[in-house]
Amino acid sequence: MSVSVQIPEPGPSTPEVPGDPGQVDTFVDTLLRVASAADDLDSVAAARSTLEGWTGDAATAYGSYVTGAGTNAQSISLALRNLARAADTYSAELTRLRTERGFVLDDQQSYAESRSSLVTQVANAVPEDEAYLQELAAQLVGTRARLVERQDALVTACETNDRTMATALTQNADLPTFQRLNPNAIDPADAAVQRPGAPGTGASPEEVAQWWNGLTEEERYAVTVAYPELIGPADGVPATARDQANRALLGRDLETLERREEAGILTPEQERQLANARAAEEALGNEVGDPITREPVVPLLHLYDPTAWDGEGAIAIAYGNPDTADNIATVVPGTTTTGESAGSIAGDASNVYSSARVSDPNASTAAIAWIGYDTPEFDLSVTNEDLAQEGGDNLARYVDGLRAVREVEGNGQPDVTVIGHSYGSTTVANSATGSGLDADDIVLIGSPGAGRGVEHADELGGAQVWAGNASRDPVASLADNGWVGLGTWDQGLGNDVGEDDFGANRFRAESVDRGEGGAFADHSRYFDDGSESLHNIGNIVAGNDDDVTRAEHTYDPWNKGPQDPERDRDPEQLDDVVLDPDDIVRP
Numbered sequence: 001m002s003v004s005v006q007i008p009e010p011g012p013s014t015p016e017v018p019g020d021p022g023q024v025d026t027f028v029d030t031l032l033r034v035a036s037a038a039d040d041l042d043s044v045a046a047a048r049s050t051l052e053g054w055t056g057d058a059a060t061a062y063g064s065y066v067t068g069a070g071t072n073a074q075s076i077s078l079a080l081r082n083l084a085r086a087a088d089t090y091s092a093e094l095t096r097l098r099t100e101r102g103f104v105l106d107d108q109q110s111y112a113e114s115r116s117s118l119v120t121q122v123a124n125a126v127p128e129d130e131a132y133l134q135e136l137a138a139q140l141v142g143t144r145a146r147l148v149e150r151q152d153a154l155v156t157a158c159e160t161n162d163r164t165m166a167t168a169l170t171q172n173a174d175l176p177t178f179q180r181l182n183p184n185a186i187d188p189a190d191a192a193v194q195r196p197g198a199p200g201t202g203a204s205p206e207e208v209a210q211w212w213n214g215l216t217e218e219e220r221y222a223v224t225v226a227y228p229e230l231i232g233p234a235d236g237v238p239a240t241a242r243d244q245a246n247r248a249l250l251g252r253d254l255e256t257l258e259r260r261e262e263a264g265i266l267t268p269e270q271e272r273q274l275a276n277a278r279a280a281e282e283a284l285g286n287e288v289g290d291p292i293t294r295e296p297v298v299p300l301l302h303l304y305d306p307t308a309w310d311g312e313g314a315i316a317i318a319y320g321n322p323d324t325a326d327n328i329a330t331v332v333p334g335t336t337t338t339g340e341s342a343g344s345i346a347g348d349a350s351n352v353y354s355s356a357r358v359s360d361p362n363a364s365t366a367a368i369a370w371i372g373y374d375t376p377e378f379d380l381s382v383t384n385e386d387l388a389q390e391g392g393d394n395l396a397r398y399v400d401g402l403r404a405v406r407e408v409e410g411n412g413q414p415d416v417t418v419i420g421h422s423y424g425s426t427t428v429a430n431s432a433t434g435s436g437l438d439a440d441d442i443v444l445i446g447s448p449g450a451g452r453g454v455e456h457a458d459e460l461g462g463a464q465v466w467a468g469n470a471s472r473d474p475v476a477s478l479a480d481n482g483w484v485g486l487g488t489w490d491q492g493l494g495n496d497v498g499e500d501d502f503g504a505n506r507f508r509a510e511s512v513d514r515g516e517g518g519a520f521a522d523h524s525r526y527f528d529d530g531s532e533s534l535h536n537i538g539n540i541v542a543g544n545d546d547d548v549t550r551a552e553h554t555y556d557p558w559n560k561g562p563q564d565p566e567r568d569r570d571p572e573q574l575d576d577v578v579l580d581p582d583d584i585v586r587p
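Numbering (full-length UniProt numbering), first residue to last: 1 to 587.
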């Protein structure tokens, strides 16, 4: 005898979510670059609406024309900003809807499998199973109804998102339409940058953070677009806003300088600027994946000024968001580093990111490549601390800015590690002793010394100090040991940070390839994937001090030269931590 069970209808197909958030984001970037250029035209027009000594009808006509052009430029800038902001919101909603569709598809598949199972059970059922199967069928009817509701809600949300974007496009479609709908529109950015604490006024990072915190969302968006040259380098402004501003500046520079290059009219100074800009663009394009989630890590352009220090260039790139991360590491490079080194230093920082994430998968990390000071050339300037002292001031302010953002946003203070390589270690030490660097851990690698006036690690601002000089690193051997060293002739950069008398925590930093590849090769292996040094730096950044493999200190007996126990130890090859680009799981 067969059973009587009404099988629910098959589930309806889930509609597509039309649109590509990536393409919309590209559209937004383009809008913002044009809006910024239009805002610049407005500023130029305001400054040049009259010319000294020029009077008469022609001068009056000129003033009227320039003033009108400035008004139109401001309107265009405001309209484009409105459109970009709407497109930003549209893209975010599009991303959410695509994610929601994925969940609905999962539920649809689950419903189809449950229905198929019910069909099979009914076909093989006996009368005693009928009541149970009818209950299953009733449950599936409810499941299908909820699935239909979610699908309908998805369609409604897509239509609402599209209508909102279409309205924004219509209202900002052209200049007459915008001016008709906004007859008294003023730029909120102009008033915002006049308030106390604004960037460019000499305000401290803490004051800048308070200023930003006091702006409305509209004002924040406006100043980021209208004044990217102020927001991009502003210590105390959140990382995402700095990234937006700096990417706008980078895009503008590439467009302008490459056009001049094609015309053959680049000056030598502009050639260096273009080289720095291209290096930043290339570094941002390098694919980095999180070794735990295997998802892409989108870098943030935290600092960008290709003209800094007579064209040497200032660039900072962050992997992970320093405004929310549990642990922050800042990599400070040394001699001959310029903006053109962005790719190399960013690679070092991304490796630190990967190592720290592997060391503690439960903690979030931000690792920053910071080319934020004028590094010395490989000449006599490398034997004095002038640039290290100036760079130390910049570094202390930069870290203060990272902490200030966290303070005003209430995100709690992270554990901050600052890593100085080569002359960068001298800069970090100067920042700690003379500029008030607020770091929890200081890591000195390949260090020629922590400064002539520093006798002991305890003098570095109270941070926990770590030293990772490799035994065959020729730069590290320039530091003073005992009675003999460059300091004897006032030419050195301080004591050996790996020596017992200095008192730092020395960790293993030998390379299995030590001694190969030329005299200075060992000086460049501290961030190599699978190296002892990178493994230990990752543990320090993650706060896993007990997992750091310690090394015996260098010592200097009176009857012989400096002795380094690490020189005779066989280095260890550790597991790689950096995710191969082919293994990145892309959305």
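The beta carbon of each residue, even a glycine, is placed where N, CA and C say it ideally should be. Given the structure is predicted, the values throughout are model-derived calculations rather than measurements.
Closest by C-alpha distance to residue i, when choosing among the options
i	options	result
alanine 118	Tyr423, Ser364, Ser4, Gly462	Sequence inspection shows leucine at residue 118; the alanine mentioned does not correspond to that position. Nearest option by C-alpha distance: Ser4.
threonine 71	Ala46, Asn351, Thr50, Thr60	Ala46
glutamine 6	Ser43, Val104, Arg115	Arg115
glutamine 109	Thr14, Asp88, Ser91, Thr55	Thr14
valine 28	Glu9, Ala84, Ala367	Ala84
aspartate 106	Gly11, Pro448, Asp290, Asp57	Gly11
alanine 145	Gly53, Glu113, Gln270, Glu9	Glu9
residue 598	Val17, Glu532, Leu444	Because the chain spans 1 through 587 in this model, residue 598 falls outside it and cannot be assessed.
threonine 160	Leu249, Ala222, Thr89, Asp190	Thr89
histidine 421	Ala509, Pro205, Tyr227	Ala509
tyrosine 423	Val332, Glu532, Ala61, Tyr65	Val332
glutamine 573	Asp528, His553, Ala542	Asp528
alanine 367	Leu387, Ala429, Asp386, Leu300	Leu300
arginine 452	Leu444, Ala429, Val443, Ala439	Ala429
Own chain partners of residue i with C-beta closer than 7 Å, once the 5 adjacent residues on each side are dropped
i	result
glutamate 459	Thr433
serine 431	Gly392, Leu395, Ala396, Leu437
glycine 372	Leu303, Ala314, Ala316, Asn394, Leu395, Tyr398
aspartate 441	Thr417, Ala463, Gln464, Trp466, Ile540
Sequence-distant residues of the same chain with beta carbon closer than 6 Å to residue i, five excluded per side
i	result
tryptophan 313	It is worth fixing the name first, because residue 313 is glycine in this sequence and not tryptophan. So the qualifying residues of the chain are Asn276, Pro306, Thr338, Gly339.
threonine 67	Ser49
asparagine 539	Ser359, Asp547, Val548
phenylalanine 178	Ser75, Ala79, Asn172
proline 238	Asp323, Val405
tyrosine 221	Arg85
glutamate 552	Pro565
Distance, residue j Cα to residue i Cα
i	j	result
residue 590	proline 21	No answer is possible for residue 590: it lies beyond the span of the chain, which begins at 1 and ends at 587.
aspartate 326	histidine 523	30 Å
alanine 450	glutamine 273	32 Å
arginine 567	proline 268	46 Å
valine 358	valine 577	7 Å
valine 148	aspartate 162	21 Å
alanine 479	threonine 426	11 Å
valine 454	phenylalanine 502	9 Å
residue 592	arginine 81	The displayed coordinates of the chain run from 1 to 587. Any statement about residue 592 would go beyond what the structure contains.
glutamine 563	arginine 472	12 Å
alanine 457	alanine 463	9 Å
alanine 112	valine 122	15 Å
glutamate 93	valine 104	16 Å
glycine 401	glycine 461	18 Å
serine 350	glutamine 194	37 Å
proline 565	asparagine 505	15 Å
serine 77	glutamine 244	16 Å
threonine 488	glycine 494	Residue placement at threonine 488 is poorly supported in this model, since its pLDDT is 41, which falls under 50; the coordinates still yield a value, given next. Going by the C-alpha atoms only, they are around 10 Å apart.
threonine 335	glycine 19	47 Å
Where the alpha helix (DSSP H) through residue i begins and ends
i	result
aspartate 243	239-263
leucine 284	268-285
histidine 535	532-542
glutamine 74	57-123
threonine 156	130-171
tryptophan 212	205-213
proline 188	188-192
Unbroken beta strand (DSSP E) run spanning residue i, endpoints
i	result
glycine 420	415-421
tyrosine 319	314-319
leucine 303	300-305
isoleucine 371	365-371
threonine 224	Counting along the chain, threonine 224 falls outside any beta strand (DSSP E), though it belongs to the alpha helix (DSSP H) covering 217-226.
valine 331	327-332
tryptophan 466	464-467
valine 443	441-445
Same chain only: Cβ atoms within 8 Å of residue i, ignoring 5 sequence neighbours per side
i	result
arginine 525	Ala470, Ser511, Asp513, Arg514, Ser531, Ser533
glycine 520	Correcting the residue type first, residue 520 is phenylalanine in the shown sequence and not glycine. Correct list, in chain order: Pro474, Val475.
glutamate 206	Gly236, Asp400, Ala404, Glu407
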